[in-house]
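Student: Residue numbers (the numbering used here): 97 to 429. In this text, a Cβ means the ideal position worked out from N, Cα and C, and glycines have one as well. First the structure, then my questions, so here it is.
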């Protein structure tokens with residue numbers, strides 16, 4: 097099964113969970129649908145992004161005998177430039193008001209009714225599918241580099257997450273890294289790869305905090321994108337919001353360096369003193385930290401686990417160090 101954000105918009109998360117549990121169906125999401133499933137489930141195959149997917153995830157989705165696609169909208173941002181290899185002839189495509197099987201369309205057919213009908217069919221078949229052999233996310237070993245790297249940062253953030261958290265990932269290298277994480281049950285994942293709206297994540301985190309003040313909100317944003325809408329720190333402070341903000345400082349637009357020229361001067365940005373920024377916005381009770389090693393980063397996260405005030409953690413990474421999914425996309429371009 098491959099699910100996407102429309103399944104969440106039309107409220108069929110519980111029905112999806114029932115469907116995949118009936119036959120222990122391997123399942124994946126696109127980045128905008130991340131959080132629809134409990135990703136600690138051993139049948140969760142990962143986040144699918146076309147040719148930039150982890151190889152086991154790509155093989156599971158594209159090599160399926162039958163793919164149940166629920167609420168999926170393929171866009172350039174979620175498929176790494178429409179690189180998906182999906183055979184419509186082997187796909188049951190469930191959309192909000194119609195379902196297509198091969199060349200036939202069944203409509204009007206609400207999404208929830210279609211998903212429930214598939215669950216009933218699988219229950220009647222009384223069959224389970226083979227469990228995927230997916231590699232575990234590895235920990236950084238004793239020979240890990242002294243400086244903090246992308247390969248270390250995202251497993252550390254994953255371990256920090258709790259059921260029920262809200263995770264907001266900025267379009268760019270932050271989203272490419274975050275989509276590799278396995279989310280606990282009940283995590284809401286917010287991103288915007290469809291329009292690639294740089295700077296989206298700061299106001300999105302503000303909206304999430306105002307809508308759900310009792311939930312922990314973790315904002316993951318690069319330094320370049322953060323400079324577009326950093327004034328929302330002032331709004332967050334005014335509204336007494338207490339998100340955990342992780343600014344990934346890699347000295348510029350890392351995604352643009354990876355895709356459109358590592359040495360181009362227009363990918364450079366002014367170097368801000370992030371620790372002082374909240375104070376300039378009347379943030380008297382703000383907690384800040386700076387981390388350039390894995391030990392510093394994990395220690396800071398642990399100290400900020402239950403914040404009463406806004407937290408800003410600046411993670412320093414090498415300029416040209418990017419998540420593996422972004423490296424894969426750059427190699428394919």
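Among 243, 151, 336, which one has its Cα closest to the Cα of residue 412?
Tutor: Counting from one through the chain shown, the residue named residue 412 turns up at place 316. When each option's Cα is compared against that of residue 412, the closest is 243.
Student: When DSSP labels each residue in this structure, what does residue 420 get in the three-state scheme?
Tutor: Walking along the chain shown from the start, residue 420 turns up at place 324. Note: residue 420 maps to helix in three-state DSSP.
Student: Excluding the 5 residues flanking residue 299 on each side, which residues of the same chain have their C-beta closer than 7 Å to its C-beta?
Tutor: As a first step, residue 299 is located in the chain shown; it is residue number 203 there, counting from the start. Same-chain partners within the cutoff: 325, 328.
Student: Provide the residue(s) that pair with residue 386 in DSSP beta bridges, ordered along the chain.
Tutor: Counting from 1 along the chain shown, the entry for residue 386 is found at position 290. DSSP, once it has assigned bridges, lists 410 as partnering residue 386.
Student: Does the beta-carbon distance from residue 436 to residue 374 come in below 9 Å?
Tutor: The chain is shown from 97 up to 429; residue 436 falls before or after that span and cannot be answered.
Student: Enumerated in chain order, which unbroken segments of the alpha helix (DSSP H) with a length of 4 residues or greater are wholly contained in the stretch 264-343?
Tutor: Listed in chain order, the complete alpha helix (DSSP H) runs (minimum 4 residues) inside the stretch 264-343 are 269-274, 297-307, 319-325, 328-334.
Student: Does residue 97 pass the burial test, meaning 16 or more other C-beta atoms within 10 Å, or should it be called exposed?
Tutor: Stepping through the chain shown from its first residue, residue 97 is reached at position 1. Result: buried.
Student: What does the Cβ neighbour count give for residue 151, buried or exposed, with the cut at 16 atoms within 10 Å?
Tutor: Counted from its first residue, the chain shown places residue 151 at position 55. Per the 10 Å Cβ criterion, exposed.
Student: Would you mind working out which of 376, 348, 257 sits nearest residue 402, comparing C-alpha positions?
Tutor: The residue given as residue 402 occupies position 306 in the chain shown. If we check each option's Cα against that of residue 402, 257 comes out closest.
Student: On a Cα-Cα basis, can you pick out the residue from 118, 176, 158 that is closest to residue 355?
Tutor: Locating residue 355 in the chain shown gives position 259, where the first residue counts as 1. Measuring from the Cα of residue 355, the nearest candidate turns out to be 176.
Student: Give the secondary structure of residue 351 by DSSP, where H, G and I count as helix, E and B as strand, and everything else as coil.
Tutor: Here residue 351 corresponds to residue number 255 of the chain shown, with the count starting at 1. Helix.
Student: Where does the unbroken beta strand (DSSP E) through residue 187 begin, and where does it stop?
Tutor: Here residue 187 is taken as the residue at index 91 of the chain shown, counted from 1. Its beta strand (DSSP E) spans residues 187-190.
Student: Straight-line CA distance for residue 420 to residue 322?
Tutor: If you number the chain shown from 1, residue 420 lands on position 324. If you number the chain shown from 1, residue 322 lands on position 226. In a straight line, the C-alpha of residue 420 is about 22 Å away from that of residue 322.
Student: Let's test the definition: count the other Cβ atoms within 10 Å of the Cβ of residue 100 and tell me whether it reaches 16, buried, or not, exposed.
Tutor: Your numbering for residue 100 matches position 4 in the chain shown. Buried is the call here.
Student: Compute the beta-carbon to beta-carbon distance between residue 307 and residue 230, rounded to the nearest angstrom, for a pair I have assumed lies under 8 Å.
Tutor: Your numbering for residue 307 matches position 211 in the chain shown. Your numbering for residue 230 matches position 134 in the chain shown. About 33 Å; that fails the 8 Å criterion.
Student: Do you know whose CA, among 170, 173, 169, 180, lies nearest residue 85's CA?
Tutor: Any question about residue 85 goes unanswered here, given that the chain covers just 97 to 429.
Student: Going by the DSSP bridge assignment, what does residue 201 pair with across the sheet?
Tutor: Taking the first residue of the chain shown as position 1, residue 201 is located at position 105. Answer is 196.
Student: Can the beta-carbon of residue 224 be found less than 9 Å from the beta-carbon of residue 119?
Tutor: On the chain shown, residue 224 is found 128 positions in, with the first residue counted as 1. On the chain shown, residue 119 is found 23 positions in, with the first residue counted as 1. Yes, Cβ-Cβ distance for residue 224 and residue 119 is below 9 Å.
Student: Under 9 Å between the Cβ atoms of residue 393 and residue 154?
Tutor: As a first step, residue 393 must be located in the chain shown, where it is residue number 297. As a first step, residue 154 must be located in the chain shown, where it is residue number 58. Going by C-beta atoms, residue 393 is not nearer than 9 Å to residue 154.
Student: Which same chain residues, not among the five before or five after residue 170, have their C-beta less than 7 Å away from its C-beta?
Tutor: Within the chain shown, numbered from 1, the residue matching residue 170 stands at position 74. If we look at residue 170 and ignore the five residues flanking it on each side, its Cβ neighbours are 178, 180.
Student: So does residue 99 have its beta carbon nearer than 8 Å to some heavy atom of the ligand ZN?
Tutor: As for the ligand ZN, it is missing from this structure, which has no ligand bound.
Student: So, helix, strand or coil for residue 393, using DSSP?
Tutor: Counting from one through the chain shown, the residue named residue 393 turns up at place 297. Here residue 393 sits in helix by DSSP.
Student: If we ignore side chains and look at the alpha-carbon of each, how far apart do residue 337 and residue 303 end up?
Tutor: Numbered from 1 along the chain shown, position 241 holds the residue referred to as residue 337. Numbered from 1 along the chain shown, position 207 holds the residue referred to as residue 303. Rounded to whole angstroms, residue 337 to residue 303 spans 10 Å at the Cα level.
Student: Using a Cβ-Cβ cutoff of less than 6 Å, which residues in the same chain neighbour residue 440 once the five nearest sequence positions on both sides are dropped?
Tutor: Absent from the model: residue 440. The displayed extent of the chain is 97 to 429, so no value can be given.
Student: Check for me: the alpha helix (DSSP H) holding residue 253 runs from which residue to which?
Tutor: Taking the chain shown and counting its residues from 1, one reaches residue 253 at position 157. Start and end: 246-256.
Student: Helix, strand or coil for residue 141 per DSSP?
Tutor: One-based indexing of the chain shown puts residue 141 at position 45. The answer is strand: DSSP assigns residue 141 an E or B state.
Student: Starting from the Cα of residue 264, find the closest Cα among 246, 284, 279 and give me that residue.
Tutor: For this step, residue 264 is matched to residue 168 along the chain shown. Looking at the Cα atoms, 284 is the closest of the given residues.
Student: If you follow the beta strand (DSSP E) that residue 117 is in, where does it begin and where does it stop?
Tutor: The residue labelled residue 117 in the question sits at position 21 within the chain shown. Segment 109-118 is the alpha helix (DSSP H) holding residue 117; no beta strand (DSSP E) there.
Student: Quick one: give me the first and last residue of the alpha helix (DSSP H) that residue 153 is part of.
Tutor: Against the chain shown, residue 153 aligns to sequence position 57. Run containing residue 153: 151-158, per the alpha helix (DSSP H) assignment.
Student: When the Cα atoms are used, what is the spatial distance from residue 138 to residue 309?
Tutor: By one-based count along the chain shown, residue 138 stands at place 42. By one-based count along the chain shown, residue 309 stands at place 213. Each residue's Cα considered, the two are about 31 Å apart.
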